[in-house]
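Worksheet: the structure to be examined is printed underneath.
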Amino acid sequence: MSYSVRYQVFVSSTFTDLVDERAEIIQAIWELDCIPTGMEAFVASNESQWSVITRVIDECDYYVLVIGGRYGSVTGDGISYTEREYRYAKSSGIPVLAFVHSNPEQIPSGKVEKDAASQEKLDAFRAEVMKDHPVRKWSSPAELGGLVSRSLVREIKISPRPGWIRNDGSSPVALLEQINKLTEENRQLRAKIPEDGNIDIDPSLEGGDDRITLIGVRQITRNGSLVSEDEEWSVTTDWNEIFRDLGPSLINETTETDLRRLLSRFHSLKPIKSGYDVRRPATVSLESWHEVLIQLRALGLITQGVKKRAVTDKESYWRITDRGDRYLVSLLARRKPVA
13 MSYSVRYQVF
23 VSSTFTDLVD
33 ERAEIIQAIW
43 ELDCIPTGME
53 AFVASNESQW
63 SVITRVIDEC
73 DYYVLVIGGR
83 YGSVTGDGIS
93 YTEREYRYAK
103 SSGIPVLAFV
113 HSNPEQIPSG
123 KVEKDAASQE
133 KLDAFRAEVM
143 KDHPVRKWSS
153 PAELGGLVSR
163 SLVREIKISP
173 RPGWIRNDGS
183 SPVALLEQIN
193 KLTEENRQLR
203 AKIPEDGNID
213 IDPSLEGGDD
223 RITLIGVRQI
233 TRNGSLVSED
243 EEWSVTTDWN
253 EIFRDLGPSL
263 INETTETDLR
273 RLLSRFHSLK
283 PIKSGYDVRR
293 PATVSLESWH
303 EVLIQLRALG
313 LITQGVKKRA
323 VTDKESYWRI
333 TDRGDRYLVS
343 LLARRKPVA
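Here the numbering used here is used: the first residue of the sequence shown is 13, the next is one more, and so on.
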């Protein structure tokens with residue numbers, strides 16, 4: 013018995029000016045065996061409009077944002093529904109795929125803002141999105157559909173999400189028998205693990221005492237001053253030190269957010285210039301985080317979390333593997349002094 017995961021994708025944009033573009037996107041999502049959703053799917057409800065929108069976004073795995081030539085209708089707080097949807101998805105940790113028109117000045121006059129204040133808000137929104145995400149630019153509905161399709165395939169590979177699994181009503185007996193079989197196989201394999209816990213690191217991969225440089229940013233301020241500045245930090249350490257710091261939190265699974273926070277603590281190895289203090293917690297760069305994540309996975313020390321969580325929990329979770337657990341014990345276990 014096999015199960016196929018289908019991902020739900022929220023499509024966010026203004027509507028009347030992007031009807032053709034939305035049609036191309038929705039078709040591309042269907043062709044990937046994913047489930048598109050957005051304002052087309054909203055029906056009359058006793059709930060407020062925003063409550064319906066947030067509930068639908070919570071149920072989605074990925075969020076596609078398209079910015080054309082209009083800012084769109086605004087909510088009570090003065091920002092457009094599109095921008096408010098984007099901010100909500102971003103704050104919820106849902107992967108955002110952003111697409112902006114490559115030549116806004118060439119958009120037909122009937123599809124652009126005529127109100128100066130709305131145009132100013134659109135420009136600011138577009139600039140913010142382009143700063144925060146690796147946006148893709150499009151100039152036609154067909155081009156946009158292809159970009160969304162390729163981008164979504166890539167995002168699913170690098171940021172897997174829970175998705176939806178069809179319940180076909182099959183008897184769970186066969187599945188339970190399979191689980192029991194795999195459990196027994198796992199027990200037999202674990203019985204073959206050496207009791208001393210020694211782990212051999214693949215010699216073709218960096219690990220152990222091999223060096224790695226982490227970079228990030230921290231906010232510093234002169235003693236007694238309220239004015240702060242961003243300072244880039246760079247620290248060279250080794251893979252054992254990184255796993256000593258991250259490993260314990262992985263024993264019972266932890267979020268990617270917490271792991272990045274732990275990794276950013278390595279900034280303290282770089283002295284702060286005289287007369288300054290760190291004002292806010294430091295951050296580690298996305299590039300350094302990805303390098304660490306991929307290497308620890310390649311070494312077989314960590315894997316994705318498996319515990320069931322609420323559908324509204326969109327965080328990515330990681331856990332230590334059996335191999336990683338034995339290696340962590342070999343690094344951290346206290347030993348008696350040699351006589």
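Quick reminder that beta carbons are idealized off the backbone N, C-alpha and C, glycines included. It should be emphasised that the depicted structure is a prediction, and the values quoted were computed from it without experimental measurement.
With a 10 Å radius around the Cβ and a threshold of 16 neighbouring Cβ atoms, Lys126 comes out exposed.
Here Val160 is not near Ile232, since their CB atoms are 8 Å or more apart.
Look at the beta carbons and you see the segment 18-38 touching the segment 66-82: at least three pairs across the two are nearer than 8 Å. In the DSSP assignment, Tyr100 falls within the unbroken alpha helix (DSSP H) covering 93-103.
About 21 Å separates the beta carbons of Arg347 and Leu313, which is beyond the 8 Å limit, so they are not a contact pair. When the beta-carbon positions are compared, Ser114 and Lys149 come within less than 8 Å of each other. Straight-line measurement puts the Cα of Lys143 at about 21 Å from the Cα of Ser240. For Tyr75, no alpha helix (DSSP H) encloses it; the enclosing beta strand (DSSP E) starts and ends at 74-79. Short of 7 Å from the beta carbon of Ala110, and not among the five residues preceding or following it, lie these beta carbons of its own chain, in chain order: Leu77, Val141, His145, Val147. In this structure, the straight-line span from the alpha carbon of Tyr98 to that of Asp221 is close to 42 Å. Distance between Glu155 and Gly175, taken at the CA atoms: about 26 Å. Using a Cβ distance threshold of 8 Å, Ser297 and Gly228 count as a contacting pair. Of the other Cβ atoms in all chains shown, 16 or more fall within 10 Å of the Cβ of Glu167; this residue is therefore buried. Lys133 places its beta carbon 8 Å or farther from that of Gly80.
Annotated three-state conformation of Tyr288 is strand, per DSSP. His113 has Trp150 as its beta-bridge partners, per DSSP.
Assignment of Ser300 by DSSP, reduced to helix, strand and coil, places it in the helix class. Distance from the CA of Ser216 to the CA of Glu299, rounded to the nearest whole angstrom, comes to 22 Å.
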